[in-house]
Structure formats: structure tokens, C-alpha cells
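Just so you know, the protein sequences line up as chains A and B, in that order.
FYI, the numbering for the first sequence is 788 to 1131, going by the numbering used here.
FYI, the numbering for the second sequence is -6 to 78, going by the numbering used here.
Where a beta carbon is used, it is the ideal one built from N, C-alpha and C, also for glycine.
Read the structure below first, then the notes.
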Amino acid sequence: MALSWTPSARLKQAALERAQPLSASLELTYRCNWRCVFCYNPRHNDLRGLATARWLSLLDELRALGTLYVALTGGEPLTHPDFLTIARGVRERALALRILTNGALVTESLAAEIARLRPMAVELSLHGARAATHDRATATPGSFEAMLRGVDRLLKQGIAVVLKTPLTRLNEDEMDDMRRIADERGVPLRLDPVLTPRDDGDAGPLAYRASPAAVFRMFQALGEKGQIPHEGRVMGGTNCGLGRTTLAIDPEGNVFPCLQWRRAPLGNVREASLVEVWTESAERVAAAAVARAANDRMLEAGAALAAFPFCPALAQQHTGDPLRPDETHIEQAELAARARLASA
Amino acid sequence: MPLRRHREIAWQQIGDEAVVLSLAESRVLGLNPTGALLWSLLEERDEDGLVAAVVERFATDEPHARDDVRSFLSMLRERGLVQEA
């Protein structure tokens, strides 16, 4: 009977088979101190939300359900008056913590408090390499400087920082300079060309999509590092953790099978326990079936789509069908395939 | 005397196995069923108690179980995943 370390990929597969929600995203609040022009959240001033005591009891339920990773997000999670109490609650339950913030509210003392929690990462959005570009995207003067101050305060505390950039037509000419900003600080920069409609259905954010030429340049740059997004599918596999290993709870207690999936909530934790919602929801089972079907559908859709990550939740938003990719997704898959060929 | 899991870890059971994240080292470790059992009990039981649990669950003899328990706890200490209670 040897004791051995088990590869984590196998454990992920085990979680998938058991529908164990390893990753949970908690949207603590809709509130946000920025007004990003392409944001999906139209409720920046909405103060409604679950009581802190309920968030903490939800952490107990997540522990019981088998969650390992908890992401605190929003809105802007640092505007929640009990953010630190909830973040400490995550760690007190031996769950791994990620924080998604715009960074503007990170003071020296808050950075020190966050460091004590040993988050896996704090992820911040960089919207441009110049203040004018960034502040135009956030519609908040001074946000560029505030965000970088926050980044530097977190780094000073030894916290792992990740910069994320929604690639848009506003910042597509600043990719190299944004990389420089990240490189100077020794942190990764993740560019993402996907924009989504607002949660209320308003398609306004899509007008800010980056040009195909810019998306191609982005994939080319990733190709130089061997980092073009790639999905290694096999027939009968699963597209993603939708309905099985991912879970999201919005500020009002609605539970979703992932952060993007808004077709219908699985239930509400004001009316039932999270364990009941997760284990008894027919919508969760339906979403999980979509994740299975999406894998094979993409495999049958040609080499470019088969090799490119696909999000059924975004497809649902764009086309009304979680198995039908929209034109932009198809275009991006083809651009990625071209860049892959060019870098081979 | 039982040990304590280090504060700077995160962990979860998956079936009869477990995954442990060392947050200080950004490392992910998987534990097989024996490791997962020991990990789940190590704050409650001393070495003798852990050996008894392994003998009971895995139908092995006591000397082999004790070797495994010692080897496992030693690995956890070396990797900084536990501390003395």
C-alpha cells in the first residue's frame, strides 16, 4: 500500500464526474466605483444584496459541497463594507481565495490585510496603457493612476497579481505598451477579446469590440510564446465545467451553474439551502448536458472551432442557442487557427 | 500528539481522494485514498490513532500501516503542510 501523490488532472476529472463545484464565484455586490463603457453590469448603484451572515453560511455550504476555489467579485467587491470579513471567512474554511477587483480602493493597509489571507491571486483589469485610454474606458477620471497604485501596493506585499485586459477598439493599439506595463512589474497580462451584452440585454458593449486585425495581432503575440488558446477535445468529452465544477452566486442570492450562464438561475439561497439548490436543480442538470453536447458540436464544426475554447453561456447570450457560436466567435477561432499556423 | 494543518493551505476532499494547495509555494498536490484519510484525521488523532484508522479502512497489517503513516507525515512536514499542534 504505497502512499503516492495523485495527479491533479485526474482529480479534476473526478470532480467533473461527481458534479462537485470545485470553483465558486461570489458576486458580493453590484456596486462599482467605475462606469466601464462596455461593462455587462448595468446596476452600478444597486445596494441590494445578501446579508454578510448569509455569505458566511454559504461558505460553509460550499465547503460541504466540495468547493476548493472561491473568487470574490462584483460589481467591485471592495465596495462591500464587509469584504474583509467575507474574505477571511473563505480562508478560515481552508478554501483558496481569488479576488477580482479594479484595484482603485486598495490602500496600503488593505493590501497588508489581503496579504495575510494568502490569496492565490488578485486579478485587476488594465484597460489601456495610457491614462486617457484607460479612463475613457472606465468613464472615471483618475482610474488609471488609482489602479496602478493599487497594483503596486499589492505587489509590495508579495501578493500574486494578474492583469487582465478586455481587448477593445479603445485599447487595441496599445497592446505592446500594456505588455510593457505588466512586464515592468513582473506580472502576467491576459488579453481577452470577448465582450458580452449587458445583463439587461442591451447590446451596447459589443460596439467596442476590437477589430479582427487587432485580435489577430493578439493571437500572433501569444503564438510567439506558444500560448494561443487551445482546446484538446475528444469525442464524448466535456466542453467545460458548466453545471458540474463551476458555480456562481449573484448579489441577490441567485445561483448559476457558472459566472456567465444567465439563462435561468438554479434557485435562490434566500429560499433554499445552497446544497438543495445545487443537488436538486433540473436547470443545473440541463446546463451540464449542454457542456457535454457543446464539446461534440465543436468537434464536428471544423478544425478551427474544435481547437478553440467555446463558451455555451456566451453563445446563449449572443445567438439564443448555447450550442451555436456567434459570428464573432467563429471569426476569432479562425484567426487563432491562422496565427497558430503562422507560428508553427 | 495530533498535528495541525498549516494556515497557508487550502484543501478539499474529492471522492475518497483529496487535493491540497500549498499557497506559500503555489503547488497543488493530490492525495490518494490513504493520504486523504490521514489528511482528514490528522488534527484529531495521534500516530497510533492514524495507524488504527488505516488498518481498519484498508485491511493492512499494523507494521505496514505505521510505516505508511510515518512516511506520509514526514512528507507533510517536509513540504510545510502541517505544523505541531
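Put simply, the region 842 to 849 of chain A touches the region 1054 to 1061 of chain A. At least three CB pairs are less than 8 Å apart.
Counting along the chain, the unbroken beta strand (DSSP E) around S15 (chain B) starts and ends at 10 to 15.
By alpha-carbon distance to V981 (chain A), the top candidate from A:F870, A:R818, A:A994, A:S1130 is A:A994.
Less than 7 Å separates the beta-carbon of A1074 (chain A) from that of G1030 (chain A).
Legend: CB atoms of the region 890 to 916 of chain A lying less than 7 Å from CB atoms of chain B belong to residues R905, M907. Note on H1116 (chain A): 16 or more other CB atoms within 10 angstroms of its CB, so buried under the neighbour-count rule. As far as DSSP is concerned, N1026 (chain A) takes part in no beta bridge. Per the C-alpha coordinates, the member of A:R878, A:A1035, A:H1105, A:R805 positioned closest to A990 (chain A) is A:H1105.
For K951 (chain A), the secondary structure class from DSSP, reduced to helix, strand or coil, is strand.
Beta bridge pairing from DSSP links D979 (chain A) with A:P953.
For E71 (chain B), not one C-beta of chain A is nearer than 7 Å to its own C-beta. Listed in chain order, the non-local C-beta contacts of G1010 (chain A) below 7 Å within the same chain comprise A1126, R1127, A1129, S1130, local neighbours out to five positions each way being set aside. By the criterion of a C-beta distance shorter than 8 Å, D939 (chain A) is surrounded in its chain by R972, once the five residues flanking it on both sides are discounted. Between the region 1081 to 1090 of chain A and the region 1032 to 1052 of chain A there are fewer than three inter-stretch CB-CB distances shorter than 8 Å, so the stretches are not counted as touching. Think of a sphere of 7 Å around the beta carbon of Q807 (chain A): the chain B residues whose beta carbon falls inside it are I7, in chain order. When the alpha-carbon of T1066 (chain A) is set against those of A:A1076, A:L1053, A:V1077, A:R1057, the nearest one is in A:L1053. Apart from the 5 residues on each side of it in sequence, R1050 (chain A) sits with its Cβ closer than 7 Å to the Cβ of Q1103 in its chain, given in chain order.
Taking a C-beta cut-off of 9 Å against chain A, the contacting residues of the region 39 to 51 of chain B are V47, F51, listed in chain order. A distance below 7 Å separates the beta carbons of T952 (chain A) and M965 (chain A).
Look at L16 (chain B): its C-beta is under 7 Å from a C-beta on chain A.
Ranking A:R903, A:P1038, A:A858, A:E863 by CA distance to the CA of T888 (chain A) puts A:E863 first. Selection A:G890, A:H1017, A:A838, A:E910 evaluated against P868 (chain A) yields A:A838 as nearest (Cα-Cα). For T1033 (chain A), the enclosing beta strand (DSSP E) starts and ends at 1033 to 1036. Scanning its chain for C-beta atoms nearer than 6 Å, with the 5 sequence neighbours on each side dropped, one finds around V21 (chain B) the residues L14, in chain order. For A1000 (chain A), the enclosing alpha helix (DSSP H) has its first and last residue at 999 to 1011. The region 994 to 1005 of chain A makes contact with the region 955 to 964 of chain A, as at least three CB pairs between them are under 8 Å.
Annotation for L1110 (chain A): V1077, A1080, A1081, R1084, P1099, A1102 place their beta carbon closer than 8 Å to its own, counting only its chain and skipping 5 residues before and after. By DSSP's assignment, E18 (chain B) forms no beta bridge with any residue.
For the region 870 to 882 of chain A, the beta-carbon criterion of a distance under 7 Å to any beta-carbon of chain B is satisfied by A881, L882.
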